[in-house]
Structure formats: structure tokens, C-alpha cells
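Here the sequence shown stands for residues 28 to 289, where the numbers follow this note's numbering.
Beneath this line is the structure, given in C-alpha cells, with notes to follow.
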Amino acid sequence: MRDVHLVAYKDAGFNPVAIASRTQEHAAEVAAARGIAKVYATWQELIADRDIEILDIAFPPHTQLEIIKEAVEQKHIAGILAQKPLAVDYSQAREIVRLCANKGVKLAVNQNMRYDQSMRVLRALLDQGYLGTPILATIEMRAKPFWQAYLKDYDRLTILNMSIHHLDIFRYLFGEPNKVFASCRNDPDVAFDHHDGVAVYILEYADGLRSIGLDDAYACPQEGVEKKNYLTWRVEGTQGIAYGEIGWPYYPERVPSTLTVS
């Protein structure tokens with residue numbers, strides 16, 4: 028929130044008026060750094076502020092239903108941006124959508140990979156038929172994400188918090204699949220229990236397209252091992268190929284994403 032969301036809001040001309048965090052001291056520190064006038068001790072106090080029109084929620088997913096349930100009752104809140112994953116299960120996600128629809132509140136999920144430059148151009152190429160009929164699409168990640176502390180309370184890791192971006196991109200580009208297959212194993216470098224440190228999944232489509240994701244959050248972290256971290260993608264069609272790389276694994280170095288068509 029401090030180094031990405033709030034910087035982007037300033038660049039876009041938005042006016043953040045208030046902030047709250049599970050740790051008030053942290054919220055106050057961020058407010059001072061980003062010029063936010065109001066700091067609240069709780070999210071309940073924040074959503075009651077009538078100066079707020081758009082609510083950006085970056086809380087753990089198991090808490091978002093409770094927050095949104097109260098937020099939609101505030102007449103001054105017209106829109107909500109919720110972090111991904113929207114919830115920890117499908118029923119909670121559907122309930123959030125229902126609550127917002129019933130109250131006329133615009134809801135968006137922060138599936139930010141949809142707005143990556145290379146993904147926007149790739150979507151345009153597909154929409155224009157430039158690649159012909161898609162045959163095979165792949166995303167391969169070899170990178171060590173920063174896992175937030177609250178994740179230790181879940182039994183899921185990579186699919187819920189990282190693969191969700193890639194699964195969303197496949198749906199954004201190609202629509203809904205007919206079948207989904209997945210195979211996972213734990214990451215021995217992660218101290219808490221989980222099932223999916225490394226995940227491989229296949230989406231099968233009615234027209235024969237296969238979309239395949241390989242998300243390796245283990246990525247050989249040992250000292251002395253040359254790091255080859257990357258996040259690449261490729262789409263093959265009957266009339267051409269597009270491929271590229273997403274820049275975030277190089278963070279904090281700012282590296283733009285790439286796209287090549289042939």
C-alpha cells in the first residue's frame with residue numbers, strides 16, 4: 028500500500044483522505060510519508076468517514092467479507108477496490124458480489140496483472156485475430172514472492188496468493204475453461220504448513236486450447252546457487268506467436284514487462 032497503491036493514486040490525481048491499519052502506528056507512519064490527513068485506529072471508524080467515496084481494502088482475504096458487509100451500508104461509499112484473493116472460498120466471494128450489487132456499490136478486485144502493459148497489448152492482439160486461433164498458452168514463474176505473515180494461518184499458499192494472478196489472466200485472455208487440472212507440492216523453505224509451494228495447472232478449453240501454468244515459489248533459495256528468477260509467458264496461435272516477460276520478479280529494481288510478436 029505504501030510504496031505501490033498510494034504512489035499510483037498520487038500519480039493518477041486521486042486524493043486519499045484517510046487510512047487505517049491493523050497496527051495504528053504503521054498507519055500513522057504511512058500517512059505521514061504520503062500526506063494523508065486522517066488516521067483511524069480501526070477500519071470501522073474509517074468507513075464511517077463521510078469524506079470517503081472509494082474504499083481500497085488491502086486486508087487479509089478472510090476479513091474482507093466482514094468489512095465489505097459494513098461498507099456497503101455507508102451511503103457515501105460508491106465504490107470498493109478489494110485485494111485479491113477476494114475471499115478464501117467461492118461462497119464468500121459470491122456473497123461479496125451479491126452485497127455490492129444489491130446496494131449499487133461498484134466492486135473491483137485488484138487483479139493488477141490484467142493491467143500489465145504486455146497483457147493489455149496481448150489481449151488486443153488476440154481480439155484482433157492477429158495470432159489466429161490460440162493453440163497453447165503458457166505462464167512460467169520461477170521467483171520467491173514475499174509471503175505475508177497472515178498466510179501461516181491458511182493451508183494454501185501459492186495458488187491462493189500468486190497463481191491466482193495467472194489463472195485470472197488465462198480467463199481474461201481466453202474465457203472460461205471446461206476443465207482444470209492441478210498438481211502441487213509444498214515448499215520446503217517455508218516454515219509453516221501448506222500444500223502448494225510449487226503448483227502446476229492445466230486449463231482445457233472446448234476449442235482445444237490448453238493453458239498451462241507452472242508456479243515455482245521455491246526457486247532454489249540456497250546460498251551459492253545462481254538465481255535465475257523470472258516470470259515469462261507465451262501464446263502460440265495458428266498465425267503467429269507472442270511471448271514476453273513480466274517485470275516484477277526484479278523488484279525493487281523497476282524493470283518493464285516485454286512483448287515480442289512473430
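Glycine is no exception: its CB is placed at the ideal position from the N, C-alpha and C atoms.
Bear in mind the structure is a predicted one, so any value in this text is a computation, not a measurement.
Query                                                                                                                        : Result
Beta carbon of residue 207 nearer than 9 Å to that of residue 228                                                            : yes
Span of the alpha helix (DSSP H), counted from its first residue to its last, around residue 97                              : 88-98
Same chain, Cβ closer than 7 Å to residue 274, neighbours up to 5 away in sequence not counted                               : 282, 283, 284
Segments assigned alpha helix (DSSP H), at least 4 residues, entirely inside the stretch 118-169                             : 144-154
Any 3 or more C-beta pairs closer than 8 Å across the stretch 198-205 and the stretch 232-241                                : yes
Segments assigned alpha helix (DSSP H), at least 4 residues, entirely inside the stretch 176-257                             : 191-201
Under the three-state DSSP convention, the category residue 83 falls into                                                    : strand
Beta-ladder partner(s) of residue 287, from DSSP                                                                             : 270
Residues of its chain near residue 130, where Cβ-Cβ distance is below 6 Å and the 5 sequence neighbours each way are ignored : 99
Contact under 9 Å by Cβ, residue 188 with residue 279                                                                        : no
6 Å CB neighbourhood of residue 104 in its chain, flanking five on each side removed                                         : 82, 98
Coarse secondary structure for residue 67, derived from DSSP in three states                                                 : strand
Alpha helix (DSSP H) segment containing residue 33, residue limits                                                           : 32-39
DSSP three-state assignment for residue 57, whether helix, strand or coil                                                    : helix
Contact between the stretch 83-96 and the stretch 154-171 (3+ Cβ pairs under 8 Å)                                            : no
Cα-Cα separation, residue 95 to residue 123                                                                                  : 7 Å
Three-way DSSP call (helix, strand, coil) for residue 73 in this model                                                       : helix
Rounded distance between the beta-carbons of residue 204 and residue 297, thought under 8 Å                                  : Because the chain here runs from 28 to 289, residue 297 falls outside it and cannot be looked at.
Presumed contact (8 Å Cβ cut-off) between residue 224 and residue 185, rounded CB distance                                   : 6 Å
Range covered by the beta strand (DSSP E) that runs through residue 106                                                      : 106-109
Residue 87 at chain D interface by Cβ criterion, 9 Å                                                                         : Given the protein chain composition of this structure (a single chain), no chain D is represented.
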